[in-house]
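As structure tokens, the structure follows; a few thoughts come after it.
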Amino acid sequence: MRYWLFKSEPDVWGWDQQVARGAAGEQWDGVRNYQARNFMREMALGDRGFFYHSNKGKAVVGMVEVCATAHPDSTTDDPRWECVDIRALQPAVREVTLEEIKADPRLKDMVLVNNSRLSVQPVSEAEWQVICDLAGLET
DNA sequence: GCCAACGTTGGC
DNA sequence: GCCAACGTTGGC
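The first sequence begins at 1 in full-length UniProt numbering and counts up by one.
In structure tokens, the structure reads:
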């Protein structure tokens, strides 16, 4: 299994909305960046990810699971863009802020820290464990 | 609200 | 194929 991080502005699509979609999940649409799309193409059913609030909050707020592999993004006719579906699994008991992540030497290589603009990004297993611990998420 | 960083576009 | 111009993202 691989681990990922999905970034969204809470004003546009927030954790509460994701939770409201329940087990059916929701397509992670609107990505118009090749790197992010390519990561989504690599995702497998059951891969786990963090749900991160950018701009407001700037924190990991929950855990999600990939529940559909890459398919065309229904919000555009442009065939270049694809997306996966994700569903909420658990809310963070404690939100893990960007500030904390930046301050933790174990997380210094995270894409979130080094390429903050990438909206879909891989997370290493070690990083996954550290953040799950900090957030009170069960792995 | 500002601005730096980055990705994309399009003229040449 | 290069690169300047432009638009967008996201932290501060």
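Think of the CB as a built atom: it goes at the ideal place given N, C-alpha and C, for glycine as much as any other residue.
In this text the structure is predicted, and so the values were computed from the model without any measurement.
Nonlocal neighbours in the same chain, by C-beta distance under 8 angstroms from residue i, ignoring five residues either side
i	result
Val96	Ala59, Val60, Ile131, Leu134 and Ala135
Trp28	Phe6, Met40, Cys83, Val84, Asp85, Ile86 and Val120
Arg117	none
Glu99	Lys58
For residue i, the nearest candidate out of the options (CA to CA)
i	options	result
Leu5	Asp16, Met40, Gly22 and Gly25	Met40
Arg87	Met1, Lys7 and Glu26	Glu26
Met63	Asp85, Ala92 and Thr75	Ala92
Ala70	Lys102, Ile101, Phe51 and Asp47	Asp47
Lys56	Glu138, Trp15 and Leu137	Trp15
Asp11	Pro122, Leu118, Ser54 and Tyr34	Ser54
Thr139	Asn115, Ala68, Phe50 and Arg32	Phe50
Asn33	Pro105, Gln18, Trp13 and Trp81	Trp81
Glu42	Pro105, Gly22, Asp77 and Ala68	Ala68
Close beta carbons around residue i, own chain, < 7 angstroms, minus the five adjacent residues each side
i	result
Glu127	Leu107 and Met110
Ile101	Leu107, Met110, Leu112 and Val113
Leu89	Met63, Val64 and Glu65
Gly30	Thr75
Met1	Gly46, Asp47 and Arg48
Glu125	Tyr3
Ala23	Arg87
Cβ neighbours of residue i in the same chain (closer than 6 angstroms, five flanking residues each side left out)
i	result
Pro79	none
Tyr3	Arg48, Val123 and Trp128
Asp94	At residue 94 the sequence reads Arg, which differs from the Asp that was named. Answer for Arg94: Ala135 and Gly136, listed in chain order.
Buried versus exposed call for residue i [16 or more other C-beta atoms within 10 Å across all chains shown]
i	result
Tyr52	buried
Ala20	exposed
Ala103	exposed
Ser8	buried
Asp73	buried
Gln18	buried
8 angstroms contact criterion, which residue i and residue j should meet: CB distance rounded
i	j	result
Ala36	Val66	Not quite, the Cβ-Cβ distance comes to about 14 angstroms (not below 8 angstroms), so this is no contact.
Distance cut-off 7 angstroms: residue i Cβ against heavy atoms of the ligand MG
i	result
Asp16	Looking at this structure, you won't find the ligand MG or any other ligand, since it has none at all.
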